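The structure appears right after this line, and notes come after that.
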Amino acid sequence: AAEAVQTLEFPIPAGVYAESVVSVKHYTDRLFSFRITRPQSFRFRSGEFVMIGLPNAQKPVFRAYSIASPNWDEEVEFFSIKVPDGPLTQHLQKIQPGDTVLMRQKSTGTLVNDALTPAKRLYMISTGTGIAPFASLIRDPDTYDKFDQIILTHTCRDLAELKYGEELIAATREDPLIGELTEGRLHHFTSTTRQTSPVMGRITTLIENGGLFQALGTEPFDRENDRVMICGSMDMLKDVKALAEKAGLKEGSNAEPADFVVERAFVG
Ligand code: A2P
């Protein structure tokens, strides 16, 4: 059989996988997702991130990307912002199937089930591309072993930016491997902040005024029943973290699992 041979101009750095783009989907002029082949030896925990780059320079620019696919998936999925002059994303947004993407071999991160103690509910609070690690975690059976109810919240500027999450939830519910586990247990809450829609407002506002809990039929955060994972912009993390702490929740880590964990979504 003929083998596709791609000549790369620069050598692949040590400790880096060179993988092929399988598919690309553009959602808006600011957001796109893509899938790459998964190296046999690549292992990660759902919710972790990895460094991504392009083979277009002697010293490629790498940026942290949360892995959006579950760890049983044969491919690796990412959800990315497009920044017009972003050192990586100005090029990355142009990738096509068959192109090469570089991925460092070691993944890491704090948004992992291991950093939380078990509880009744797990809130996954995201804005923008911050939904990516949760796209992995809601497709991991371990998440359903540890928590009865999984609530994914996603807030974006407009409705078009919520589409990735809507497709994700629909596909997860229908997935032959995980679908059954999600029945009556996986909840999706969305809001927009700039475009008029049925549910509007920043997630911080909706936590503070109780709108989130009212919509879900739950009670405000409480340490006994609730665990929280937070992923979004720097300001969003700071503000949601303050609300979790105000409710008496303690930050957890791998070494010391507790009630909430935070991770910055990739920007720039
Ligand atoms: P807003 O439209 O009011 O800025 P972005 O695409 O800029 O990363 O933003 C994603 C979402 O996060 C937007 O809906 C934005 O609302 C919201 N957001 C930005 N900053 C905060 C914050 N400090 N707390 C909560 N939500 C925030």
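full-length UniProt numbering puts the first residue of the sequence shown at 8, with every later residue one more than the last. Think of the CB as a built atom: it goes at the ideal place given N, C-alpha and C, for glycine as much as any other residue. All values derive from a computational prediction rather than experimental measurement.
For the segment 220-266, the full-length beta strand (DSSP E) segments reaching 3 residues or more read 233-239 along the chain.
Contact check for ALA262 and GLY239: beta-carbon distance about 24 Å, past the 8 Å limit, so the pair fails to qualify. Distance from the C-beta of THR211 to the nearest heavy atom of ligand 1 is below 7 Å. At the C-beta level, ALA142 and ALA75 come within 8 Å of one another. Relative to ligand 1, GLY239 has its C-beta within less than 7 Å of a heavy atom. Checking the DSSP bridge columns, you'll see GLN156 partnered with ARG128.
Close CB contacts of LEU219 within its chain, under the 6 Å cut and outside five residues either way in sequence, are with LEU213 (chain order). With contacts defined by Cβ atoms closer than 8 Å, TYR72 and ILE88 do not form a contacting pair. ILE132 has its alpha-carbon roughly 8 Å from the corresponding atom of ILE210. Assigned with DSSP and collapsed to three states, LYS32 falls in strand. Along the length of the segment 154-189, whole alpha helix (DSSP H) runs at least 4 residues long occupy 170-181, 186-189, reported in chain order. For SER48, the number of other beta carbons within 10 angstroms of its own is below 16, and it is reported as exposed. In this structure, SER40 is the residue among PHE69, SER40, MET243, GLN156 with its C-alpha nearest to the C-alpha of GLN103. Within the UniProt domain "FAD-binding FR-type" (21-121), the complete beta strand (DSSP E) runs of at least 3 residues fall at 23-33, 38-44, 56-60, 70-73, 82-88, 107-111. The three-state secondary structure of THR197, taken from DSSP, is strand.
Boundaries of the alpha helix (DSSP H) around PRO140: 139-144. Between MET110 and the set ALA25, THR117, ILE176, the nearest pair of CA atoms involves ALA25.
For ligand 1, a non-hydrogen atom lies closer than 7 Å to the CB of MET243. Three or more Cβ pairs drawn from the segment 160-167 and the segment 189-201 lie within less than 8 Å of each other, which places the two stretches in contact.
DSSP places LEU123 in the strand class (E or B) of the three-state scheme. Nearest neighbour of ILE138 by Cα position, chosen from GLN112, ALA177, PHE86, turns out to be PHE86. Relative to VAL29, the option among PRO125, ALA222, GLU82 whose CA is nearest is GLU82. Contact between VAL108 and ILE43 is confirmed by a C-beta separation of about 5 Å, below the 8 Å threshold.
A straight line joining the alpha-carbon of ASP155 with that of ALA178 spans about 20 Å. For ligand 1, no non-hydrogen atom lies closer than 7 Å to the CB of GLY22. Per the coordinates, the alpha-carbon of ASP242 lies some 12 Å from the alpha-carbon of GLU270.
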